[in-house]
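For the sequence shown, this note's numbering assigns the number 40 to the initial residue and increments by one for each residue that follows.
For each residue, glycine too, the CB sits at the ideal point set by N, CA and C.
Nothing here was measured: the structure is a model prediction, and the numbers come from that model.
Inspection log for the structure reproduced underneath, given as structure tokens.
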Amino acid sequence: MTPSDIAPENTRDLALLEERRQGLACSELSLESERIAGGWANYSGPGAWLNEACALGLEGPVTADDVAQLIEFYASRGAPAKVDLCPYAHETLAAELAAAGFVLAAFRHVLMRLLGDDVASATRTVDGIDIRIVDPSDAQEVDAYIRVATSGFLRGEPLSKENRAFLERTLVHPRHVHFLASVDGVSAGGGGLEVTPDLACLFGASVLPTFQRRGIQGALIRARLTEAARRGAPRAIIQSTPGIPTERNAGRAGFRVAYTKAEMVRPAGAA
Numbered sequence: 040m041t042p043s044d045i046a047p048e049n050t051r052d053l054a055l056l057e058e059r060r061q062g063l064a065c066s067e068l069s070l071e072s073e074r075i076a077g078g079w080a081n082y083s084g085p086g087a088w089l090n091e092a093c094a095l096g097l098e099g100p101v102t103a104d105d106v107a108q109l110i111e112f113y114a115s116r117g118a119p120a121k122v123d124l125c126p127y128a129h130e131t132l133a134a135e136l137a138a139a140g141f142v143l144a145a146f147r148h149v150l151m152r153l154l155g156d157d158v159a160s161a162t163r164t165v166d167g168i169d170i171r172i173v174d175p176s177d178a179q180e181v182d183a184y185i186r187v188a189t190s191g192f193l194r195g196e197p198l199s200k201e202n203r204a205f206l207e208r209t210l211v212h213p214r215h216v217h218f219l220a221s222v223d224g225v226s227a228g229g230g231g232l233e234v235t236p237d238l239a240c241l242f243g244a245s246v247l248p249t250f251q252r253r254g255i256q257g258a259l260i261r262a263r264l265t266e267a268a269r270r271g272a273p274r275a276i277i278q279s280t281p282g283i284p285t286e287r288n289a290g291r292a293g294f295r296v297a298y299t300k301a302e303m304v305r306p307a308g309a310a
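Below, the structure is given as structure tokens:
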């Protein structure tokens with residue numbers, strides 16, 4: 040199946056919607072944000088997950104001065120410069136990044152599915168799993184959500200105060216809804232959802248190791264699809280590293296790869 044089989048618009052149009060959604064959301068959630076080359080450079084403290092430039096080059100050519108501004112933004116804050124590179128950005132972006140010493144660090148798939156009458160076919164329930172929307176005013180529920188939703192991203196390290204603060208900001212963002220999954224009353228997993236008039240994005244899902252392989256990740260996807268459809272979103276997006284369980288679970292829920300983008304970084308000492 041190709042992207043044209045699952046989207047009424049061409050893939051470039053879809054990419055522009057998603058990249059601009061991501062860029063705007065990241066700029067709103069970051070402590071500091073600067074407009075560069077039509078997108079945003081974002082910073083939220085040392086080691087913060089949001090320290091990345093998004094949506095660059097979507098509105099036209101990118102210059103060497105634009106990239107120099109990007110490098111200075113991060114250098115002045117003691118952070119590495121990292122860029123989320125959309126394949127539909129103007130070709131000058133990739134060229135100027137390469138000239139400034141940026142290198143490829145990773146790929147990321149952007150998967151999409153339409154939200155129509157068939158959403159119910161992807162939203163079967165799983166016995167024993169309870170999923171509810173997180174109340175951001177409930178401190179105990181917020182703590183439980185943050186603990187489980189970050190469990191797959193920390194790699195044995197404690198959650199930094201910068202990233203906890205970021206998650207707390209997402210919980211009160213007006214376009215975001217967060218879901219907490221529990222098994223027999225024990226918090227087991229969580230995931231977020233952003234809904235716009237053009238699309239919904241499912242993000243930040245994780246399940247505690249002791250509850251994995253029980254269908255919780257898939258149940259979280261299905262719960263968020265149901266809510267996105269209820270709110271009127273015409274399509275849903277998931278971004279995933281290629282080959283990980285998130286991508287496989289998304290495929291089972293009807294998502295297909297629409298396009299692939301690159302993460303570009305500038306190594307310390309690059310000329």
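Check for me: the beta strand (DSSP E) holding residue i runs from which residue to which?
i	result
residue 278	274 to 279
Let me check understanding here. Comparing Cα to Cα, which of the options lies closest to residue i?
i	options	result
residue 289	123, 125, 256, 266	256
residue 226	201, 200, 116, 179	179
residue 115	233, 73, 219, 153	73
residue 253	280, 266, 278, 284	284
residue 101	71, 86, 137	137
residue 242	267, 249, 298	267
Suppose you measure from the CA of residue i to the CA of residue j; what does that come to, to the nearest Å?
i	j	result
residue 162	residue 170	Low local confidence applies: a pLDDT of 47 at residue 162 is under 50, so the model's placement there is unreliable, with the coordinate-based value given in what follows. Straight-line Cα distance between these residues: approximately 12 Å.
residue 45	residue 260	Any reading at residue 45 must be qualified, since the residue scores a pLDDT of 44, below 50, and its modelled position is unreliable; the value itself is stated next. Taking the straight line from one Cα to the other gives about 18 Å.
residue 238	residue 121	25 Å
residue 222	residue 167	6 Å
residue 246	residue 230	9 Å
residue 105	residue 76	6 Å
residue 188	residue 182	10 Å
residue 248	residue 155	33 Å
Buried or exposed: which applies to residue i, given that a residue is buried once 16 or more other Cβ atoms fall within 10 Å of its Cβ?
i	result
residue 234	buried
residue 200	exposed
residue 57	buried
residue 177	exposed
residue 142	exposed
residue 152	buried
From which residue to which residue does the alpha helix (DSSP H) around residue i run?
i	result
residue 113	103 to 114
residue 305	Element bounds for residue 305: n/a, residue is neither H nor E.
residue 203	200 to 210
residue 57	50 to 68
residue 132	130 to 138
Since I believe residue j is in contact with residue i (beta carbons under 8 Å), could you give me their beta-carbon distance rounded to a whole number of angstroms?
i	j	result
residue 9	residue 147	Since the first residue shown for the chain is 40 and the last is 310, residue 9 is missing from the structure and cannot be characterised.
residue 81	residue 94	So it is not a contact: roughly 10 Å between Cβ atoms.
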